[in-house]
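Please read the structure below before turning to the comments.
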Amino acid sequence: MSLRRTITLVGIGDDGCASLTSRAVNAVMKAGVLVGGDRHLEFFPQFQGERIVLKGGVSSVLDRVAELAEERNVCVVASGDPLFFGIGSLVIARLGAEHVEVLPQPSSMQWAFARAGLKWDDAACVSLHGRSSEGFLTKLKGQTKVAIFTDDKNSPSVLAQRMVEHGETAWEAWVCENLGGPDERVRRFDVKDLAPCQDIGPLNVLLLVRSDPSWRMPYTIPFLHEDQFAKRIPKKGLITKREVRLLSLAAMGIRPDSVVWDIGAGSGSVSIEAALLAPKGVVYAIEVDPEGVQICRENLLAHAVDNVRIIAGRAPEALTGLEAPDAVFIGGSKGSMEEIIGVVMERLQPGGRLVVNAITLENVAETYQTFRKRGLVPDVTLLQISRAEPLAHYLRYESLNPIQMFAVEKPSQAGVAS
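Next up, the structure:
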């Protein structure tokens, strides 16, 4: 199929045709086909050509647009800048940039910051419109200013309620409704006051700006002391110590968008730090002990981390149906180490990393033999860590339990060991 350059993407605001440039108006006037949502098409009652409503399956509509563009000019109308969280990328991916002209309007993000009187070159932009809000709080941790596209499910009040529940309240909020339209409204809130607010229209942008002047960007590597996590009693000694966590997380090769499995999650310390390293990803914390599951939930709430999914169950059975991981940590096996490693190596993405921490001689032997049976030669590190502890007016070293850390990378090709 050979398309002429007859497809024009026109951005439009809530004020309709009033702010369209003459070039955009001419594109609509010359079009034989007008494509857009119901709300956008209503701005052009005088249009006499064919109208196609963008609703439901966009793919079939774009197929139709491709056919019509063989013979007629097609104009696609979308909100603001079609290439900013809009349909523009889908249109160009389907039809080719060389066949599409884009005439953007200021995005609602731009209008929101302008109405609030805030600069936005230092802001992060997040769309929760039609998307899951999982990880929203984790993404906030490294930001001072955030703009959010919301929807009915992820409304400003719902997001504020979530922030309050996790103690993430040191923010000022602006709710910007119907931007550019005749009923435009911009209101400033404290997060606690926004949470119960019920009179917010569906077309809005939420701006969040930190209100604590002493706030500093968090560390790239969390390195949290184990005393910062709630722990099982009398099993406090079983929580992964921070030095071990640091080396284990590094060996896992976690990326910002990684899918991580933490098997034998315990109190959730590894899961939480992995989630902070993967704010665009997700961590599955698998824990069989009911007390551990509850403590893990408490720690997630206390650390305001919301991209961890707790799986209450015993591995390897509890691993069924989870997303294929990019990185896996095994901190506990309940006697099923060989079976767990087998499932992990089958499900792990090619090039993914598995790290196993073993304390007992039995686990060490089983882990090593399991890897060798699979033709894998692990990197093995014996961690013997001592910390300085006060003794009268002096400091002495107190040793922690030695840990053997096994790390393997899944071969990109079958039969090739890392």
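Count along the sequence shown from 1, add 6, and you get the number used in this note's numbering.
Glycine is no exception: its CB is placed at the ideal position from the N, C-alpha and C atoms.
Keep in mind that this is a model prediction, so the values were computed, not measured.
Residues of the same chain with a CB within less than 7 angstroms of the CB of residue 223, apart from the 5 flanking positions on each side, are 148 in chain order. Ranked by how close their Cα comes to the Cα of residue 59, the residues 67, 175, 359 have 67 in first place. Membership of residue 346 in the alpha helix (DSSP H) is indicated by the continuous run 343-353. Between residue 53 and residue 40 the beta-carbon gap is near 5 angstroms, inside 8 angstroms, which marks them as a contact. The Cβ atoms of residue 308 and residue 236 sit closer than 9 angstroms to each other.
DSSP, reduced to helix, strand and coil, places residue 323 within a helical segment of the structure shown. Proximity of the region 205-215 to the region 136-143 falls short of the contact definition, fewer than three beta-carbon pairs being nearer than 8 angstroms. Taken in chain order, the whole beta strand (DSSP E) runs of length 3 or more contained in the region 88-175 are 106-109, 130-133, 151-155. Here residue 194 is near residue 178, since their CB atoms are less than 9 angstroms apart.
When rounded, the separation of the alpha-carbon atoms in residue 320 and residue 106 is 53 angstroms.
Residue 407 counts as exposed, since fewer than 16 other beta carbons sit within 10 angstroms of its beta carbon. Taking C-beta separations shorter than 6 angstroms and ignoring five residues to either side along the sequence, the partners of residue 345 in its chain run 322, following chain order. Apart from the 5 residues on each side of it in sequence, residue 27 sits with its Cβ closer than 8 angstroms to the Cβ of 109 in its chain, given in chain order. For the pair residue 196 and residue 255, the Cα-to-Cα distance works out to about 36 angstroms. Short of 7 angstroms from the beta carbon of residue 283, and not among the five residues preceding or following it, lie these beta carbons of its own chain, in chain order: 255, 260.
Taking the Cβ atoms as the reference, residue 334 lies roughly 14 angstroms from residue 382, outside the contact range of under 8 angstroms. Only buried fits residue 155, as 16 or more other CB atoms lie within 10 angstroms of its CB. Counted as a single uninterrupted DSSP element, the beta strand (DSSP E) harbouring residue 385 occupies residues 385-389.
Between residue 227 and the set 233, 262, 204, the nearest pair of CA atoms involves 262. Taking C-beta atoms under 8 angstroms as the contact rule, residue 238 and residue 301 qualify, at a distance of about 6 angstroms. Annotation for residue 380: no beta strand (DSSP E) segment contains it, and DSSP assigns it neither H nor E. With contacts defined as CB atoms closer than 9 angstroms, residue 356 and residue 296 fail to qualify as a contacting pair. Residue 229 and residue 366 have their C-alpha atoms spaced approximately 25 angstroms apart. For residue 210, the enclosing beta strand (DSSP E) has its first and last residue at 210-216.
The beta carbon of residue 412 lies closer than 6 angstroms to those of 362, 373, 384, 386 in the same chain, with the five residues before and after it left out. For residue 316, the enclosing beta strand (DSSP E) covers residues 314-318.
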